[in-house]
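What follows is a set of notes on a single structure, which appears directly below.
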Amino acid sequence: MADSLICTVCAAAVPADRALCGRCGGRIKGAAAPEVAETRPFPMRIALIGGAAIAAGGAVLMMFGSPQTSADVQPQVAAAATGANVSIAPQPATSYQPAAVFAAGEDAREGIAAYNSGDMSAAVAQFTSAVEHDPNNAAALNNLGQVLVRTGRAREAIPYFDRAIAIADGVWSYHFNRARAYGELKEWRQAIAGYQEAARLFPDDYVTQFNLGRALQADGDLAGAIEAYARASELAPGQADFHLWHGQALDQIGRTGDAAVEYRRFLELDPNASQAEKVKERLTALGEPVTSS
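This is the structure in structure tokens:
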């Protein structure tokens with residue numbers, strides 16, 4: 065990127081006229097100090113969007129587990145559009161980059177410590193206190209929203225994300241996190257709009273593209289989902305489960321040859337996956353070779 069600076073938090077290249085990173089909200093190396101207070105990052109794993117059942121082509125595709133962190137979600141997939149009795153459960157990747165979370169002040173530091181120790185009640189209390197002490201701190205509002213989502217309180221979290229976005233509309237992570245909250249609530253149209261805005265702000269983030277694909281698929285837009293999955297796979301070609309979800313969406317609309325390509329790529333990348341045998345069975349049922357020729 066021409067005339068760019070580097071974010072000190074997530075290492076994204078950012079236009080030189082920006083003081084804060086559009087991806088994570090962090091300070092930009094070499095940029096003038098922003099008007100908002102200095103913030104400190106702590107990692108929080110990106111969670112995949114919540115549960116859904118989709119009717120498509122006369123079959124029902126069951127996907128997404130109960131709201132959990134991405135390391136725990138185990139999406140369940142039942143029949144494909146062609147009517148074959150295939151049941152493949154893609155395991156979410158464990159190498160997703162965390163959505164940056166920022167905080168300032170003693171309450172926020174204690175909230176970070178509580179979060180990292182697994183004490184979600186204390187984390188909510190500390191971040192609530194941080195927001196009360198500085199109600200216009202977008203980072204603190206975002207932190208509180210994320211912890212509320214983590215504790216199954218997505219509906220309560222959304223107003224905090226709304227406030228963070230009203231203060232700092234150009235920060236990717238705030239839009240992403242609000243979209244995730246809507247996904248947990250299965251409010252797919254709002255989730256899609258949020259992921260689309262996040263993708264506009266940071267088009268090269270593969271997690272955004274993947275979650276956008278899942279939201280679109282949950283809302284019945286398979287064409288849009290396929291496009292998003294393809295983009296996610298392009299950005300992170302070594303992410304095996306992206307190819308599996310992409311293949312299943314293609315399979316569902318009857319593009320079995322293209323689906324087979326994605327299934328085989330999945331097997332190449334993760335031959336020992338728990339779903340590998342079912343993927344091989346599906347390829348056989350489609351009359352497709354299991355390995356690339």
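If you count the sequence shown from 1, you need to add 64 to reach our numbering.
Idealized CB from N, CA, C, for every residue including glycine.
If you draw a straight line from the Cα of Phe-266 to the Cα of Arg-244, it is about 16 Å long. Residue state for Gln-339 is assigned as coil, using DSSP reduced to three classes. Judged by DSSP in its simplified three-state form, Gly-175 adopts helix.
Apart from sequence neighbours up to five positions away, the residues of its chain that approach Tyr-224 with a beta-carbon distance below 8 Å are Val-195, Leu-205, Asn-206, Leu-208, Gly-209 and Leu-212, ordered along the chain. Straight-line spacing of the CA atoms in Arg-319 and Leu-280 works out to 18 Å.
Between Ala-296 and Phe-274, the CB-CB gap stays under 8 Å.
For Leu-333, the uninterrupted alpha helix (DSSP H) run begins and ends at 320-333, by DSSP.
Counting only the Cα atoms, Pro-199 lies some 42 Å from His-310.
A distance below 8 Å separates the beta carbons of Ala-313 and Ala-289. For Phe-240, the uninterrupted alpha helix (DSSP H) run begins and ends at 236-248, by DSSP. With fewer than 16 other CB atoms across the displayed protein chains lying within 10 angstroms of its CB, Ala-230 is exposed. Here DSSP, grouped into helix, strand and coil, assigns Asn-207 to helix.
Taking the Cα positions, Arg-328 is about 6 Å away from Thr-355.
The beta carbons of Tyr-270 and Gly-258 sit no closer together than 8 Å. When the beta-carbon positions are compared, Ala-187 and Tyr-179 come within less than 8 Å of each other. CA-CA distance, Ala-218 to Leu-249, rounds to 7 Å.
Here the alpha carbons of Glu-220 and Gln-254 stand approximately 15 Å from one another.
The straight-line gap separating the alpha-carbon atoms of Asp-226 and Val-343 is approximately 41 Å. Scanning its chain for C-beta atoms nearer than 6 Å, with the 5 sequence neighbours on each side dropped, one finds no residue around Ala-337.
In the same chain as Ala-202, and ignoring 5 residues on each side of it, the C-beta atoms closer than 6 Å to its own belong to Ala-228, Ile-231 and Ala-232, in chain order. For Val-195, the uninterrupted alpha helix (DSSP H) run begins and ends at 184-197, by DSSP. Separation of Gly-321 and Trp-252 (C-alpha to C-alpha, rounded to the nearest whole angstrom) is 29 Å. Approximately 7 Å separates the beta-carbon atoms of Leu-276 and Ile-256; this is inside 8 Å, confirming the contact.
Taking every protein chain shown into account, the CB of Gly-175 has 16 or more other CB atoms within 10 angstroms, so this residue is buried. For Val-354, there is no enclosing alpha helix (DSSP H), as DSSP marks it with neither H nor E. Here the alpha carbon of Val-235 sits roughly 27 Å from the alpha carbon of Asp-305. Listed in chain order, the non-local C-beta contacts of Asp-283 below 7 Å within the same chain comprise Trp-252, Arg-253 and Ile-256, local neighbours out to five positions each way being set aside.
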